[in-house]
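What follows is a single structure, written as structure tokens, with notes after it.
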Amino acid sequence: SVVVSRETLELVEGVFETEPLGPWTVRGLSRVVFVHRVLRARPGADRGWNRSRRGATRLVGRDAPLRELLGHWREVAGRRAGCGVVHILGEAGVGKTRLVAELCERAESEDAWTLQANCLEIFANTPLYPAASLLWSRTGLTADEAKAHGRAKIAKFLHAFGRAATEEEVDIAAGLLGLPGAGPDAADAAPSPLIKQKQFALLASLFERGMGDQPTLLWVEDAHWLDRSSAELLAHVAERFAEKPLLIVLT
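Here this note's numbering is used: the first residue of the sequence shown is 132, the next is one more, and so on.
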């Protein structure tokens, strides 16, 4: 059977029927996790409906911080400043995520490109996990993907960024995603300096092509669980696109 955390349940609420299983202790985590068993898909349900339902929640008592955030965004989007970095601090449950979600909605309404990367405690030592997780979801890979089929999906995804991918680029992406047979640098293994450099170059190139010339908002959620390689990549992105209309928000 498939079980999900309460946080994941919020993302798929309305899409699947579930039952609560109570608190579980998960190896690698310092806290108990409330889990739910996924029973079946709900016919006709879709994630878009669920997102709009959650997004309709009214933002209350956050006028001042939202105004400040929008000020930073206007500086970037109006091209009065280059790349900016904002770090939002606060105790769990105070509304950081909802605040940035509102900022993203405002930015998207202005035809900006928004991108969200998520960090997890259990993957805090997995190199480039946030980027790999984001790519995994965008490429449409599955856990039991055959090597050839997986590489074809990766090549198709990379091609969508404006040009056909080279074999080396597919190799680098496959290793980053931990595709079976991708080599010793896949999965949790720390990549060699050369492979790491190539991964950074590929990810930065994809980001640049996706961004184009439009204002861009990159949101890194739960950044306190950011692994070392991802922190280096983030610094690399901020430096490389220092003159671009890019706002990086860390929560």
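Don't be surprised by glycine CBs; every beta carbon is placed ideally from N, CA and C.
With respect to the beta strand (DSSP E) encompassing Ile379, which residues constitute its N-terminal and C-terminal limits?
-> Counting along the chain, the unbroken beta strand (DSSP E) around Ile379 starts and ends at 377-381.
Which of the three DSSP states, helix, strand or coil, is assigned to Val163?
-> Secondary structure at Val163: strand, using DSSP grouped into helix, strand and coil.
Rounded to a whole number of angstroms, what is the C-alpha to C-alpha distance between Lys227 and Pro376?
-> Rounded to the nearest angstrom, the two C-alpha atoms are 23 Å apart.
Using beta-carbon positions only, say whether Leu337 and Phe292 come within less than 8 Å of one another.
-> Closer than 8 Å, so yes.
So, is Pro261 buried or exposed, given that buried needs 16 or more other C-beta atoms within 10 angstroms?
-> If you draw a 10 Å sphere on the C-beta of Pro261, you find 16 or more other C-beta atoms in it, and that means buried.
Coarse secondary structure for Gln345, derived from DSSP in three states | In this structure, Gln345 counts as coil in the three-state DSSP scheme.
Counting Cβ pairs closer than 8 Å, one from the segment 356-376 and one from the segment 252-261, do we hit at least three?
-> The count of Cβ pairs closer than 8 Å, one atom from the segment 356-376 and one from the segment 252-261, reaches three, so the stretches are in contact.
Do the segment 319-335 and the segment 213-230 make contact, defined as three or more Cβ pairs closer than 8 Å?
-> Result no; under three Cβ-Cβ pairs closer than 8 Å.
Counting along the chain, where does the alpha helix (DSSP H) carrying Pro196 start and finish?
-> 194-208 is the extent of the alpha helix (DSSP H) around Pro196.
Can you give me the Cβ contacts of Leu170 inside the same chain, cut-off strictly under 8 Å, excluding the 5 residues immediately before and after it?
-> Around Leu170: Phe147, Glu148, Thr149, Glu150.
Answer with buried or exposed for Gly343, where buried requires no fewer than 16 other C-beta atoms within 10 angstroms of its C-beta.
-> Answer is exposed; the Cβ neighbour count stays below 16.
Under three-state DSSP, which class holds Ala332?
-> Of the three classes helix, strand and coil, the one that applies to Ala332 here is helix, per DSSP.
Cβ-Cβ distance between Leu348 and Ala304 below 8 Å = No. Outside cutoff.
Provide the residue span of the beta strand (DSSP E) that contains Pro258, from first to last.
-> In the DSSP assignment, Pro258 falls outside any beta strand (DSSP E), carrying neither H nor E.
Can you have a look at Trp155 and say buried or exposed, based on whether 16 or more other CB atoms are within 10 angstroms of its CB?
-> Label assigned to Trp155: exposed.
Between which two residues does the beta strand (DSSP E) containing Arg215 stretch?
-> With the sequence shown as reference, residue 215 is identified as Gly, and Arg is not the correct amino acid for it. It spans 215-218 - the beta strand (DSSP E) in which Gly215 sits, taken as one unbroken run.
Using the Cα positions of Leu381 and Arg168, report the straight-line distance between them to the nearest angstrom.
-> CA-CA distance, Leu381 to Arg168, rounds to 31 Å.
Which whole-angstrom value is the C-beta distance of Leu200 and Leu230, which I expect to be below 8 Å?
-> About 7 Å; that satisfies the 8 Å criterion.
Residues near Ala373 in its chain [Cβ-Cβ closer than 6 Å; skip 5 each side] | The answer, listed in chain order, is Gly213, Cys214.
7 Å Cβ shell around Leu364 - same chain, five flanking residues per side excluded | Within its own chain, the residues whose Cβ lies closer than 7 Å to the Cβ of Leu364, once the five positions on either side in sequence are excluded, are Leu259, Ala262, Phe331, Leu334, listed in chain order.
On the three-state DSSP scale, how would you describe Gly153?
-> Of the three classes helix, strand and coil, the one that applies to Gly153 here is strand, per DSSP.
Minimum length 3: unbroken beta strand (DSSP E) runs contained in the segment 218-297 = Within the segment 218-297, the complete beta strand (DSSP E) runs of at least 3 residues are 244-249.
Apply the 10 Å Cβ neighbour rule to Leu310 and answer buried if 16 or more other Cβ atoms are within range, or exposed otherwise.
-> Buried is the call here.
C-alpha gap between Glu236 and Val351, whole angstroms = Each residue's alpha carbon lies about 16 Å from the other.
Return helix, strand or coil for Phe372, following the three-state DSSP convention.
-> Phe372 falls in the coil class under three-state DSSP.
Going by Cα to Cα distance, which pick from Ala354, Glu252, Ala208, Val207 is closest to Val163?
-> For the residues Ala354, Glu252, Ala208, Val207, the minimum Cα distance to Val163 belongs to Glu252.
For Leu170, which of helix, strand or coil comes out of DSSP?
-> Three-state DSSP puts Leu170 in a strand.
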